Every structure is written in structure tokens, then in C-alpha cells.
Amino acid sequence: MQARTFTVPGMTCAHCEEAIRSSVGRVSGVSSVTVDLAAMSVVVAGPAFDDEAVRDAIDDAGFDVAPA
Ligand SMILES: [Cu+2]
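Residues in the sequence shown are numbered consecutively from 1, following the numbering used here.
Below, the structure is given as C-alpha cells:
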């Protein structure tokens with residue numbers, strides 16, 4: 001099991017949250033996506049996933065990931 005927290009400052013509402021959840025949820029090896037709008041965080045967990053693929057999925061949803 002692997003978990004990473006990504007900081008995504010551009011999320012403002014439930015639609016943003018859903019867009020991220022749906023896009024990141026399709027990444028291979030991801031089993032859960034937890035979005036916290038107030039904390040601007042996206043916590044991704046799963047058996048094995050590629051950080052870069054998650055970043056790309058967040059990007060595809062129309063959001064920028066803050067540099068770690
Ligand atoms: Cu929104």
C-alpha cells in the first residue's frame with residue numbers, strides 16, 4: 001500500500017473535487033482518492049501507482065499540482 005499527498009491549490013468546489021476524484025481514480029493502481037478542499041490536498045492511496053501518472057491525471061482534470 002502506498003499513499004501520497006498532492007497539494008492542488010486551484011480546487012474550489014464540489015465540482016473540482018469530483019473532477020479530480022474521477023480523473024485520478026482511473027489511474028492504474030489507485031484505490032482511493034480523498035480530496036480536502038480546505039487543506040487544498042488530494043490524498044491518493046493504492047497498492048502501487050506512479051506519482052507522475054497521478055500528476056498527469058490532475059493536470060488532465062484541469063488543475064495544477066503545487067511543487068512538493
Ligand atoms: Cu469547482
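Don't be surprised by glycine CBs; every beta carbon is placed ideally from N, CA and C.
These numbers were taken from a predicted model, which means no experiment stands behind them.
Is it the case that the Cβ atoms of residue i and residue j are separated by a distance below 7 Å?
| i | j | result |
| --- | --- | --- |
| V43 | V24 | no |
| G29 | A45 | no |
| A57 | A19 | no |
| P9 | A68 | no |
| S41 | T5 | yes |
In the DSSP output, which residue or residues are listed as bridge partners for residue i?
| i | result |
| --- | --- |
| G46 | Q2 |
| S32 | A45 |
| V7 | Note on residue identity: the sequence assigns Thr, not Val, to residue 7. Paired residue(s): S41. |
According to the neighbour-count rule (16 or more other Cβ atoms, all chains shown, within 10 Å of its Cβ), is residue i buried or exposed?
| i | result |
| --- | --- |
| A14 | exposed |
Can you pull every residue whose C-beta falls closer than 5 Å to some heavy atom of ligand 1, listed in chain order? T12, C13, H15 and C16
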